[in-house]
Ligand code: HGY
Ligand code: MN
Ligand code: MN
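Numbering (our numbering), first residue to last: 400 to 808.
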């Protein structure tokens with residue numbers, strides 16, 4: 400059985416499950432997520448795993464691998480997320496879940512002194528409710544009940560979306576894993592950056608996951624007639640936002656290691672002959688050093704206030720999500736280095752600019768991540784691309800990492 404090819408073919412099949420006929424989009428709680436859970440759950444069953452969906456919609460398969468550990472056995476968690484951004488590539492998230500299932504199959508004939516569970520998280524991207532890591536927060540016990548009242552673009556609350564998906568917003572505490580029973584969490588993920596391709600290496604260990612701040616910003620002025628309102632009398636919210644957006648880009652360009660993005664802009668009333676009254680923006684700021692990230696956010700908030708004051712606009716700034724920078728476990732990273740060196744001659748340690756469920760899981764157990772080379776470092780784009788050969792290396796490395804904890808013949 401060429402498991403690498405099977406992983407690749409499965410990712411193709413999973414990549415065709417979308418809520419959009421024209422591109423790959425799988426948002427939290429959608430029917431497409433239900434279909435994805437069913438398909439991936441069937442692969443978990445084929446691998447001999449017991450499969451369940453928890454109260455928030457995470458898909459969880461647990462190995463019935465012959466064990467010798469008795470009731471004190473711990474669980475090694477593997478996984479990643481099954482939700483996607485809009486118009487996504489098919490590897491960001493699913494690679495880590497499908498490859499983990501293959502690793503469980505590789506280990507079936509070995510008696511391990513621990514269980515393995517594979518988790519397909521229900522919402523890492525936070526596209527629908529603008530709050531990331533909903534699935535892993537429920538598993539890690541850091542879910543904020545206030546989030547249940549968040550609403551999506553159609554006014555549907557997260558609580559109702561959970562119920563519609565078949566979950567139970569009143570039982571999210573049951574999603575938690577007992578941290579005393581966890582060996583750790585390991586996530587394989589595409590690099591989403593250019594380093595491994597430049598180094599001509601298939602895989603690389605992750606050292607840390609950058610902290611991130613997500614905020615919603617609103618500039619409010621006054622609508623008016625585009626033809627009759629003199630320029631000197633306007634309170635144009637979109638022009639104010641445009642000035643601020645330039646400041647965001649400059650701030651990131653002049654702070655080493657800082658990235659800042661205005662990903663979403665919605666203007667009201669959004670009519671060609673009306674002066675924009677309101678501009679809604681999303682801001683995403685990241686840096687490996689939390690102090691630099693937080694200082695940049697303070698500077699940008701002060702800049703937004705200044706823009707608003709100069710243009711006689713109202714401005715509101717709401718932080719919707721904040722995660723600190725997270726180091727990977729040193730012990731796990733040593734094991735991972737050793738496993739990688741069995742399959743490639745050199746190893747490049749990589750910090751992650753992208754956020755991952757591993758950042759949340761680090762609150763309850765040691766974490767490690769393995770990045771897999773992706774073409775041009777491209778991600779969050781339909782042209783996301785990896786090779787079967789690199790999948791083969793990643794599977795071999797994960798299998799060796801698992802065996803490094805001890806196997807009994
Ligand atoms: O935005 C991120 O870093 C990740 O893709 N959720
Ligand atoms: Mn992503
Ligand atoms: Mn991801």
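Note that beta-carbon positions come from the ideal geometry of N, C-alpha and C, so glycine has one too.
Own chain residues within Cβ distance below 7 Å of residue i, not counting five before or after
{"i": "residue 531", "result": "523, 524, 525, 720 and 754"}
{"i": "residue 742", "result": "792, 795 and 796"}
{"i": "residue 495", "result": "478, 479, 586, 587 and 588"}
{"i": "residue 798", "result": "502, 505 and 506"}
{"i": "residue 461", "result": "448, 449, 514 and 516"}
Buried or exposed by the 16-neighbour rule on C-beta atoms within 10 Å, applied to residue i
{"i": "residue 589", "result": "buried"}
{"i": "residue 663", "result": "exposed"}
{"i": "residue 733", "result": "exposed"}
{"i": "residue 400", "result": "exposed"}
{"i": "residue 629", "result": "exposed"}
{"i": "residue 715", "result": "exposed"}
{"i": "residue 783", "result": "buried"}
{"i": "residue 411", "result": "exposed"}
{"i": "residue 474", "result": "buried"}
{"i": "residue 484", "result": "buried"}
{"i": "residue 703", "result": "buried"}
{"i": "residue 708", "result": "exposed"}
{"i": "residue 612", "result": "buried"}
{"i": "residue 787", "result": "exposed"}
{"i": "residue 548", "result": "exposed"}
For residue i, the residue or residues it bridges with in DSSP
{"i": "residue 515", "result": "475"}
{"i": "residue 726", "result": "607"}
{"i": "residue 721", "result": "612"}
{"i": "residue 460", "result": "450 and 517"}
{"i": "residue 664", "result": "680"}
{"i": "residue 769", "result": "587 and 604"}
{"i": "residue 619", "result": "677 and 713"}
{"i": "residue 638", "result": "The partner list for residue 638 (beta bridge, DSSP) is empty, contrary to what the question assumes."}
{"i": "residue 556", "result": "550"}
{"i": "residue 419", "result": "422"}
Same chain, Cβ closer than 8 Å to residue i, five either side skipped, listed in chain order
{"i": "residue 594", "result": "603, 747, 749 and 776"}
{"i": "residue 725", "result": "607, 608, 610, 757, 758, 761 and 766"}
{"i": "residue 695", "result": "650, 651, 654, 657, 659, 684 and 686"}
{"i": "residue 418", "result": "424, 425, 426, 429, 430 and 431"}
{"i": "residue 768", "result": "585, 586, 587, 588, 604, 605, 608, 727, 751, 755 and 757"}
{"i": "residue 452", "result": "436, 440, 458, 459, 565 and 566"}
{"i": "residue 635", "result": "620, 674, 675 and 710"}
Residue i: CB within 7 Å of a non-hydrogen atom of ligand 3
{"i": "residue 419", "result": "no"}
{"i": "residue 780", "result": "no"}
{"i": "residue 588", "result": "yes"}
{"i": "residue 742", "result": "no"}
{"i": "residue 480", "result": "yes"}
Residue i Cβ short of 7 Å to ligand 2 heavy atom set
{"i": "residue 526", "result": "no"}
{"i": "residue 491", "result": "yes"}
{"i": "residue 452", "result": "no"}
{"i": "residue 484", "result": "yes"}
Own chain, CB closer than 6 Å to residue i, minus 5 neighbours either side, in chain order
{"i": "residue 639", "result": "618, 706, 710 and 712"}
{"i": "residue 813", "result": "Here the chain comprises residues numbered 400 to 808, so residue 813 is not present and cannot be evaluated."}
{"i": "residue 446", "result": "500, 503 and 504"}
{"i": "residue 666", "result": "637, 675 and 678"}
{"i": "residue 598", "result": "747"}
Contact with chain B by residue i, beta-carbon distance below 8 Å
{"i": "residue 777", "result": "Structure shown: chain B not included; a single protein chain is present."}
Which residues count as close to ligand 1 when the rule is a CB under 6 Å from any of its heavy atoms, in chain order?
-> In chain order, the hits are 523, 524, 531, 753 and 754.
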